[in-house]
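Take the sequence shown: its position 252, counting from 1, is numbered 266 in our numbering, and each next residue is one higher. In what follows, a structure is listed as structure tokens, so that the remarks can point back to it.
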Amino acid sequence: MENSADQMVRVRFAPSPTGGLHLGGVRTVLFNYLFAKKYNGQFILRIEDTDQSRFVPGAEQYILDTLAWCGLTPDESPIHGGAYGPYRQSERKPMYKQYASQLIEQGNAYYAFDTADELDAKRKEIPNFQYNRATRMGLKNSLSLPAAEVTRLLNENTPHVVRINMPDSEELVFEDLIRGEVKFDTSMVDDKVLLKADEMPTYHLAVVVDDFLMKITHAFRGEEWLPSAPVHILVWKNLFGLDQMPQWGHLPLILKPDGNGKLSKRDGDRLGFPVFAMDWTDPNTKETTIGFKERGFLPAAFVNLLAMLGWNDGTDQELFSLPTLIEKFSLDRVHKGGAKFDYEKAKWFNQEWIKQSDNTYLATLVAPYFDTAKIEIHEPSYLVKVIGLVKERCQLLTDFIPQSSFFFAAPTEIDTASILPKWDANKAAFFTTVMDAYTNDAVPNDATQLESHFKTLAAEQGLKPGDLMLPFRIMLVGGKFGPGVFDIVANIETKDAAKRIQYCLDLLSKN
Ligand code: GLU
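As structure tokens, this is what we get:
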């Protein structure tokens with residue numbers, strides 16, 4: 015882990031561009047990034063797109079956009095460049111074959127000529143069929159066939175793949191950065207394909223070759239990749255030597271809110287919260303899945319809440335900026351067990367970040383939501399002021415719309431039902447007086463002066479200001495919510511307030 019002069023820390027995030035990025039994927043990015051930056055190292059984005067059948071247009075751009083939104087900028091990537099490119103595996107195709115050939119020459123891999131139909135037949139014949147030490151000698155490969163036959167098949171360009179030759183019973187051990195010692199028995203692992211018939215490598219070969227060629231020193235990835243580790247260890251051992259292998263850390267799963275299994279996109283759809291980082295539209299079905307960004311999360315809050323899914327600094331502190339996370343991050347505080355996802359807690363993080371964010375910055379983030387809601391903002395500085403008044407009440411950026419739309423246009427829906435039970439002629443007379451004063455510019459647009467004017471008038475008419483506040487609020491905003499009423503009047507200004515009072519008095523008189 016030391017950043018010795020001769021070994022720069024180099025980590026990578028290596029997603030397959032197959033769709034929206036799950037929050038667990040972004041947490042993997044984050045932990046790689048934090049580790050790299052903590053040790054003044056480099057963070058590399060490598061696109062693992064060798065499985066062309068799973069290629070989804072737009073998915074790579076989506077990953078780049080997500081990283082940009084989170085502020086987790088790669089030092090090297092398909093768009094940032096770097097000395098170890100290309101950073102898309104599909105563009106590195108010619109690099110892999112020689113390593114597959116080397117493994118074959120060494121006896122660590124073999125050619126397999128079985129057709130899809132032949133393999134299907136085997137699957138029907140043998141329950142839970144696996145291509146492994148138990149079955150391989152009954153199949154069509156360079157271990158089971160005579161050498162002359164293998165040569166003939168190769169000379170005739172018979173389609174074939176290259177498979178790893180899993181040792182019969184060998185114990186493989188590695189030291190996981192998070193889980194400690196992990197052991198595998200090779201007899202439990204099948205002969206995975208390393209190179210496909212079109213000479214495209216599979217993930218198992220490409221990940222090892224690229225981690226080697228890109229001088230990766232550490233790699234954090236999801237726990238779901240742990241079963242692949244024995245394959246990778248063997249490829250490392252046989253190609254480059256185990257001392258060259260990056261140190262792996264397998265991150266615990268992010269669990270459903272009830273702790274029962276891995277959190278999936280379907281859980282989010284079912285329970286009504288985002289699981290993807292940003293909106294993702296499936297290019298085939300055109301179905302859009304909501305993301306944290308569009309749901310109204312701040313990038314700083316998203317990064318903060320992800321960091322806390324599986325890590326803490328050993329104190330009760332929960333709010334961390336990215337620079338502080340870099341400073342405080344340590345592997346010994348990464349949990350081994352899964353972390354339950356709690357959407358209410360996620361919103362709490364967002365609310366805290368809204369509270370501590372600069373109003374001008376928040377204005378740039380909420381402006382698009384106002385656009386969508388077709389609320390016109392004539393004066394950007396007015397929006398900034400309004401944000402300052404309502405931000406305490408907003409958990410999500412989308413909350414700014416209901417919490418502040420009345421600053422921009424008079425409400426049309428008025429909750430008169432909440433006024434009527436205690437409404438009487440005295441109150442109607444009082445608000446008529448207020449309305450007249452406002453219409454005639456008798457009170458300046460200043461919250462303190464508006465309040466004292468209101469209270470003096472109430473006292474003069476023998477009314478308690480406390481009984482008048484709720485109706486006044488409802489007249490101004492439409493319901494029982496919003497910041498201080500005199501702050502509202504000061505901002506919408508008395509002439510507008512007078513119109514709202516009039517509108518409401520008319521409604522009430524009809525009841
Ligand atoms: N391509 C794999 C993925 O889609 C990468 C796994 C790894 O980091 O080794 O997540």
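Virtual Cβ for every residue (Gly too), placed ideally from N, Cα, C.
Based on the DSSP secondary-structure assignment, which residues constitute the bridge partners of residue 90? As a first step, residue 90 must be located in the sequence shown, where it is residue number 76. Bridge partners of residue 90: 58.
Reducing DSSP to helix, strand and coil, say where residue 362 ends up. Reading the sequence shown from its first residue, position 348 is the one you call residue 362. Residue 362 sits in a helix when the DSSP states are folded into three classes.
Looking only at its own chain, which residues have a Cβ that is under 6 Å from the Cβ of residue 145, when we skip the five neighbours before and after it? Along the sequence shown, one-based indexing puts residue 145 at 131. 204 and 205, listed in sequence order.
Residue 514 CB to nearest chain C CB: under 9 Å? In the structure shown, chain C cannot be found, because there is only a single protein chain.
So residue 488 and residue 433 are supposed to be a Cβ contact under 8 Å. How far apart are they, rounded? Looking up residue 488 in the sequence shown gives position 474. Looking up residue 433 in the sequence shown gives position 419. That belief holds up - the Cβ atoms of residue 488 and residue 433 are roughly 6 Å apart, short of 8 Å.
I'd like to know if the segment 471–490 and the segment 385–401 are in contact, where contact means that at least 3 CB-CB pairs between them fall below 8 Å. Pairwise C-beta distances place the segment 471–490 out of contact with the segment 385–401, as fewer than three of them are shorter than 8 Å.
If you measure between the beta carbons of residue 495 and residue 416, is that distance less than 9 Å? Indexing the sequence shown from 1 puts residue 495 at position 481. Indexing the sequence shown from 1 puts residue 416 at position 402. Taking 9 Å as the cut-off, the beta carbon of residue 495 is found closer than this to the beta carbon of residue 416.
Is residue 366 near residue 333, with beta carbons less than 9 Å apart? As a first step, residue 366 is located in the sequence shown; it is residue number 352 there, counting from the start. As a first step, residue 333 is located in the sequence shown; it is residue number 319 there, counting from the start. At a Cβ-Cβ threshold of 9 Å, residue 366 and residue 333 count as neighbours.
Any residue with its Cβ nearer than 7 Å to a heavy atom of the ligand GLU should be included. What is that list in chain order? Listed by position along the chain, the residues with Cβ atoms less than 7 Å from a non-hydrogen atom of the ligand GLU are 28, 29, 30, 62, 217, 221, 233, 235, 236 and 239.
Taking contact to mean at least 3 C-beta pairs separated by less than 8 Å, is the segment 208–215 in contact with the segment 106–121? Inter-segment contact for the segment 208–215 and the segment 106–121 is present: three or more beta-carbon pairs are separated by less than 8 Å.
Just the C-alpha distance for residue 10 and residue 152, rounded to the nearest angstrom, thanks. In the structure displayed, the chain extends from 15 to 525; residue 10 sits before or after that span and is not available.
Which word fits residue 462, buried or exposed, when buried means at least 16 other C-beta atoms lie within 10 angstroms of its C-beta? Locating residue 462 in the sequence shown gives position 448, counting from the first residue. Under a 10 Å Cβ-count criterion, residue 462 is classified as exposed, with fewer than 16 other Cβ atoms of the shown protein chains found around its own Cβ.
Taking a contact to mean a Cβ-Cβ separation below 9 Å, would you say residue 339 touches residue 37 in this structure? The residue labelled residue 339 in the question sits at position 325 within the sequence shown. The residue labelled residue 37 in the question sits at position 23 within the sequence shown. Inclusion of residue 339 and residue 37 in the CB contact set at 9 Å is not warranted, their separation being larger than that value.
Using three-state DSSP, classify residue 296 as helix, strand or coil. Translated into the one-based positions of the sequence shown, residue 296 becomes position 282. In the structure shown, residue 296 sits in coil (DSSP, three-state: anything other than H, G, I, E or B).
Contacting residues, own chain, Cβ-Cβ under 6 Å from residue 419 (five flanking each side not counted): Within the sequence shown, the letter at position 405 stands for residue 419. For residue 419, where only same-chain residues beyond five positions count, the Cβ hits under 6 Å are 389.
Starting from the C-beta of residue 325, find all residues in its chain whose C-beta is less than 6 Å away, skip the five residues before and the five after it, and write them out in chain order. One-based indexing of the sequence shown puts residue 325 at position 311. For residue 325, where only same-chain residues beyond five positions count, the Cβ hits under 6 Å are 347 and 348.
Taking the alpha-carbon of residue 373 as reference, which of 312, 336, 341 and 335 has the nearest alpha-carbon? Position 359 of the sequence shown, counted from the start, is the residue given in the question as residue 373. Cα-wise, what sits closest to residue 373 is 312.
The segment 124–135 touching the segment 147–161, judged by at least three CB pairs closer than 8 Å: Cβ pair count under 8 Å is three or more, so yes.
Checking 9 Å against the spacing of the C-beta atoms, do residue 106 and residue 233 come in under that value? As a first step, residue 106 must be located in the sequence shown, where it is residue number 92. As a first step, residue 233 must be located in the sequence shown, where it is residue number 219. In this structure, residue 233 does not lie closer than 9 Å to residue 106 by Cβ.
According to the Cβ coordinates, are residue 180 and residue 200 closer than 9 Å? Translated into the one-based positions of the sequence shown, residue 180 becomes position 166. Translated into the one-based positions of the sequence shown, residue 200 becomes position 186. Taking the C-beta atoms as reference points, residue 200 is found nearer than 9 Å to residue 180.
Roughly how many whole angstroms lie between the Cα atoms of residue 130 and residue 121? By 1-based counting over the sequence shown, the position of residue 130 is 116. By 1-based counting over the sequence shown, the position of residue 121 is 107. Distance between the alpha carbons of residue 130 and residue 121 is about 24 Å.
Please state the DSSP three-state secondary structure of residue 331. As a working mapping, residue 331 is identified with position 317 in the sequence shown. Coil.
CA-to-CA distance, residue 167 to residue 160, given in whole angstroms: Translated into the one-based positions of the sequence shown, residue 160 becomes position 146. Translated into the one-based positions of the sequence shown, residue 167 becomes position 153. Their backbone Cα atoms lie some 11 Å apart in a straight line.
Going by DSSP in three states, residue 302 sits in which element: helix, strand or coil? Counting from one through the sequence shown, the residue named residue 302 turns up at place 288. Taken through DSSP and simplified to helix, strand or coil, residue 302 comes out as strand.
Could you check what DSSP says for residue 11 in three-state terms: helix, strand or coil? Summary: the structure shown does not reach residue 11, with the chain confined to residues 15 through 525, and so no result is reported for it.
Length of the line joining the Cα atoms of residue 268 and residue 299: The count along the sequence shown starts at 1 and reaches residue 268 at position 254. The count along the sequence shown starts at 1 and reaches residue 299 at position 285. Straight-line measurement puts the Cα of residue 299 at about 27 Å from the Cα of residue 268.
In three-state DSSP terms, what is residue 523? On the sequence shown, residue 523 is found 509 positions in, with the first residue counted as 1. Looking at residue 523 - three-state DSSP - the assignment turns out to be helix.
Can you list, in chain order, the residues of its chain whose CB lies under 6 Å from that of residue 380, leaving out five sequence neighbours each side? The residue labelled residue 380 in the question sits at position 366 within the sequence shown. Take residue 380, set aside five residues on each side of it, and the residues of its chain with a beta-carbon closer than 6 Å to its own are 411 and 414, in chain order.
Sequence-distant residues of the same chain with beta carbon closer than 7 Å to residue 354, five excluded per side: Translated into the one-based positions of the sequence shown, residue 354 becomes position 340. By the criterion of a C-beta distance shorter than 7 Å, residue 354 is surrounded in its chain by 269, 271 and 273, once the five residues flanking it on both sides are discounted.
Pair every Cβ in the segment 67–76 with every Cβ in the segment 248–267, then say whether three or more of these pairs are closer than 8 Å. With the cut-off at 8 Å, the segment 67–76 and the segment 248–267 do not touch.
Specify, as a first and last residue, the run of the beta strand (DSSP E) that residue 27 falls within. The residue you call residue 27 lines up with position 13 of the sequence shown. DSSP places residue 27 inside the beta strand (DSSP E), whose first and last residues are 24–27.
Could you check how far apart the C-beta atoms of residue 472 and residue 444 are, in whole angstroms? I think they sit under 8 Å. Locating residue 472 in the sequence shown gives position 458, where the first residue counts as 1. Locating residue 444 in the sequence shown gives position 430, where the first residue counts as 1. Residue 472 to residue 444, Cβ: 7 Å. Contact.
By alpha-carbon positions, which one of 81, 376 and 446 ends up nearest to residue 522? Numbered from 1 along the sequence shown, position 508 holds the residue referred to as residue 522. The candidate whose alpha carbon is nearest that of residue 522 is 446.
Locate the beta strand (DSSP E) running through residue 236, then write down its first and last residues. Walking along the sequence shown from the start, residue 236 turns up at place 222. Where residue 236 is concerned, the enclosing beta strand (DSSP E) starts and stops at 232–236.
Secondary structure of residue 51, DSSP reduced to three states: By 1-based counting over the sequence shown, the position of residue 51 is 37. Reduced to three states, the DSSP call for residue 51 is helix.
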